[in-house]
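Protein chains in written order, with our numbering: chain A, 140 to 375; chain B, 7 to 162.
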């Protein structure tokens, strides 16, 4: 009997480990998966963020972001192109404080990031207003060419081997339990570009992985909805 | 007559391929999200950090300050610290460009190696080469690049 319990618990642990993403940070977001995607877009009426970063707590950050995820020709996950807002810590060798052993600085800005294989790039982007509403977009603009936009302005153009993305994700990420975003926080006009035509999302899934009771629903109606063209995020 | 139809057919087929494949040839307009105004798009914005090739080195951040950043990264080893043009740095990486920074903008490029690097979003990375790029006039960080051999954690 004891052996059966041990086997059961071991199996249960294995299932949990296999199905739970290995993430250290807090996430709440929506996803449009498994579609041939040539672009992703959303508008946020309010991009306010507060990480509560200070020199005594230099690791804290929060981002409001979206990205297109790619698979390689063998169907293996192969990175992403991301554009979003950041408040709080970014690793920066010129920083005067450290998060762990690495220097950081406090940012209130936008950023662009990308990963391909085991190579990652991050570019802080300044010069754009961080108050009010703003639009975010990543779109294929040529063969193997992808452009990231803030408020319809190109901030970076990428060259990739892929001509289609397979994931569009929109949401929040943080590493501190009491970070703040305007709540409820709406993102609207979720659109993807497929076969040369932009359309609002007609389906999607919610990915809520956090310990801080962040939540995101589709639509703007309390209690959830099926208007996949928009989402509403809340925190306690 | 037959050759004319062959040419028309070939051009039509090529047009379908170009549109379906999303290659936006010169003079064509990329499709834009519903409800947005295509005229608002700015593909080549004016640089926020324009070329400064004529700014003397005496007006730039000194190399000693960049070396102090390397010392600040106490768990890493400095490989190099070079004053370069922004476009030369971007060409080295080859996979993206921006017009927000002038191509001849002077930048400091600092390369370091780490046995272990704890990234805020990627997690623990092993055997890492990190490149930090700073504007040589303003000191702002423009780019951070990581290459690693193992580790990393991120839902894509």
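Just so it is clear, CB atoms sit at the ideal spot from N, CA and C, and this is done for glycine as well.
- Among the CB atoms of chain A, none fall inside 7 Å of the CB of residue 141(B).
- Under a 10 Å Cβ-count criterion, residue 142(B) is classified as buried, with 16 or more other Cβ atoms of the shown protein chains found around its own Cβ.
- Per DSSP, residue 78(B) is one residue of the alpha helix (DSSP H) stretching across 69–78.
- For residue 121(B), the enclosing beta strand (DSSP E) covers residues 112–125.
- In the DSSP assignment, residue 50(B) falls outside any alpha helix (DSSP H), carrying neither H nor E.
- For residue 94(B), the secondary structure class from DSSP, reduced to helix, strand or coil, is helix.
- With at least 16 other beta carbons inside 10 angstroms of its own, residue 38(B) counts as buried.
- Not flagged as an interface residue toward chain A: residue 98(B), since no C-beta distance is shorter than 7 Å.
- In this structure the segment 164–171 of chain A lies against the segment 339–347 of chain A, because at least three pairs of beta carbons, one per stretch, are closer than 8 Å.
- Counted as a single uninterrupted DSSP element, the stretch harbouring residue 35(B) is not any beta strand (DSSP E), since DSSP gives it neither H nor E.
- Between residue 226(A) and the set 353(A), 193(A), 275(A), the nearest pair of CA atoms involves 193(A).
- Just so you know, the alpha carbons of residue 230(A) and residue 145(B) end up roughly 15 Å apart.
- At a beta-carbon threshold of 8 Å, the residues of chain A lying near residue 36(B) are 278, 280, ordered along the chain.
- Within the segment 332–353 of chain A, the residues whose Cβ lies closer than 9 Å to any Cβ of chain B are, in chain order, 332, 334, 335, 336, 337, 338, 339, 346, 348.
- By alpha-carbon distance to residue 122(B), the top candidate from 91(B), 138(B), 98(B), 81(B) is 81(B).
- In the structure shown, residue 44(B) falls within a helical segment according to DSSP collapsed to helix, strand and coil.
- Of the candidates 198(A), 253(A), 274(A), 198(A) places its Cα closest to the Cα of residue 243(A).
- Look at residue 138(B) here: in three-state DSSP terms it is strand.
- A check of alpha carbon separations from residue 181(A) across 373(A), 352(A), 365(A), 338(A) identifies 338(A) as the nearest.
- Listed in chain order, the beta strand (DSSP E) runs fully inside the segment 259–342 of chain A are 273–281, 284–289, 292–298, 304–313, 324–333, 336–339, counting runs of at least 3 residues.
- Here residue 256(A) has 217, 218 as same chain residues with Cβ atoms under 8 Å from its own Cβ, once five neighbours each way along the sequence are excluded.
- Contact annotation for residue 320(A) against chain B: no contact, minimum CB-CB distance about 17 Å [criterion: below 8 Å].
- Where residue 191(A) is concerned, there is no enclosing beta strand (DSSP E), because DSSP gives it neither an H nor an E.
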